[in-house]
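Asker: Pasting in a structure now, in structure tokens, and then I'll have a few things to ask.
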Amino acid sequence: MKHTFLSILLVIILTSCGGAKNVSGVENASAREVIAAHKAAAPDFKTLAGRVQLVYEDDEKQQSITVSLRMEKDKNIWIKASILGITIAKALITPTRVSYYETLGGTYFDGNFALLAEWIGTPINFQQTQNLLLGQSIFTLNPSEYSAELFQNKFKVQPKQQPQNFIHSLLLNPENFKIISETLSQPSEERLLSIRYGDYQKVNDFLYPSNITIDTSEKGSKTKIDINYRKIDIDVDVSFPFDIPGGYEEIQLN
14 MKHTFLSILL
24 VIILTSCGGA
34 KNVSGVENAS
44 AREVIAAHKA
54 AAPDFKTLAG
64 RVQLVYEDDE
74 KQQSITVSLR
84 MEKDKNIWIK
94 ASILGITIAK
104 ALITPTRVSY
114 YETLGGTYFD
124 GNFALLAEWI
134 GTPINFQQTQ
144 NLLLGQSIFT
154 LNPSEYSAEL
164 FQNKFKVQPK
174 QQPQNFIHSL
184 LLNPENFKII
194 SETLSQPSEE
204 RLLSIRYGDY
214 QKVNDFLYPS
224 NITIDTSEKG
234 SKTKIDINYR
244 KIDIDVDVSF
254 PFDIPGGYEE
264 IQLN
């Protein structure tokens, strides 16, 4: 028990000091140690305000959007999308609700996470959305259920036994234990979710993604979302103004 605690402490210290550059120094790390280091790398903040350039592409269109992103950790995610300085949509995501409206079509949605799942192309909840935006695993990593091994100078983390029709894996950077890529596939549903992270930026001693690429496919239909963070401010005063305008038509999902 003492040895395990000291090993975890060593890995966390190496992570916070920007160390572990010599992969051979951590090649024998256990799944428990790797997962503990990944969790320790999660940004610690109360609020976040960011400017994001987002490119959304599906089978029918491609659109580049400027996004204002605000977060109150574990409570609110607020998004305002603009084109040429004109607000075209707003969304407010809480642990229990997704509210959204768009001005061009005069439509709105106020309900569960079905709309968010449709946007991304796979079922997703609040915590998973928050983790995705912060470079953390979208699934809870339980050391008793996951294995870790060094694969092409990266840590590959995956369930010891993949559930039927549910394949999940992550690649972690051994220098900082942040995600390089995360993949979820459901072969029988012909469904694939791939999340890739490029560089990370250091803000207030923690690493935040600089860019994220999300690729999803389901039965031949594909969606791609490129997220590029232009600016991130931490622990600043933020508000979450959101009111659905009158006269808008409710979005009906199948």
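The numbering of the sequence shown is the working numbering, which starts it at 14 and goes up by one. Glycine included, C-beta positions come from ideal geometry on N, C-alpha and C.
Which residue wins for smallest C-alpha separation from LYS93, given the options LEU220, THR79, GLN171?
Answerer: The option with the nearest alpha carbon to LYS93 is THR79.
Asker: Cα-Cα, which of PHE122, PRO108, GLN177, LEU184 is closest to ALA102?
Answerer: When only C-alpha atoms are compared, the closest one is PHE122.
Asker: Can THR159 and LYS191 be called in contact, C-beta distance under 8 Å?
Answerer: Correcting the residue type first, residue 159 is Tyr in the shown sequence and not Thr. For TYR159 and LYS191, no; Cβs fall outside 8 Å.
Asker: Let me confirm a value: GLU195 is counted as buried when at least 16 other C-beta atoms fall within 10 Å, else exposed. Which label applies?
Answerer: Per the 10 Å Cβ criterion, buried.
Asker: From GLN199, GLU162, ARG243, pick the residue whose C-alpha is nearest to that of ASN186; which is it?
Answerer: Closest option to ASN186, Cα to Cα, is GLU162.
Asker: I'd like to confirm the pairing. Which residues does DSSP put opposite LEU82 in its beta bridges?
Answerer: BP columns for LEU82 point to GLY63, ILE92.
Asker: Count the other C-beta atoms from every protein chain shown that fall within 10 angstroms of the C-beta of VAL249, then say buried if there are 16 or more, exposed otherwise.
Answerer: VAL249 should be labelled exposed.
Asker: So, is PRO200 buried or exposed, given that buried needs 16 or more other C-beta atoms within 10 angstroms?
Answerer: Looking at its Cβ environment, which holds fewer than 16 other Cβ atoms inside 10 Å, PRO200 is exposed.
Asker: List the endpoints of the continuous alpha helix (DSSP H) containing PHE122.
Answerer: Not the alpha helix (DSSP H): PHE122 falls in the beta strand (DSSP E), residues 120 to 124.
Asker: Roughly how many angstroms lie between the CA atoms of SER37 and ALA49, to the nearest whole one?
Answerer: Annotation note: pLDDT 42 at SER37 (below 50); position unreliable, coordinate value reported separately. One C-alpha to the other measures close to 19 Å.
Asker: Are the CB atoms of TYR221 and ILE238 nearer to each other than 8 Å?
Answerer: No, the pair does not count as a contact, with Cβ atoms beyond the cut-off.
Asker: Would DSSP call PRO172 helix, strand or coil?
Answerer: Here PRO172 sits in strand by DSSP.
Asker: Using C-beta distances below 6 Å, list every residue in its chain close to ILE227, excluding the 5 sequence neighbours before and after it, in chain order.
Answerer: Excluding sequence neighbours, ILE227 sits near ILE208, ILE238.
Asker: Quick one: is GLU73 buried, meaning 16 or more other Cβ sit within 10 Å of its Cβ, or exposed?
Answerer: Exposed, by the Cβ-count rule.
Asker: Nearest CA to the CA of ILE106: which residue from TYR210, GLN141, LYS52, ASN224?
Answerer: The shortest C-alpha separation from ILE106 is found at GLN141.
Asker: Going by CA-CA distance only, name the one from THR229, GLY259, SER252, ILE257 that's closest to TRP132.
Answerer: For TRP132, the nearest C-alpha among the options comes from THR229.
Asker: By DSSP's criteria, PHE219 is part of a beta bridge. Which residues make up the other side?
Answerer: According to DSSP, which records beta bridges pairwise, PHE219 is partnered with VAL216.
Asker: Please tell me whether ILE247 and LEU61 are closer than 8 Å, where the distance is taken between their beta carbons.
Answerer: Their beta carbons are under 8 Å apart, which means ILE247 touches LEU61 by this criterion.
Asker: Please say whether THR120 and ILE225 have beta carbons closer to each other than 8 Å?
Answerer: No.
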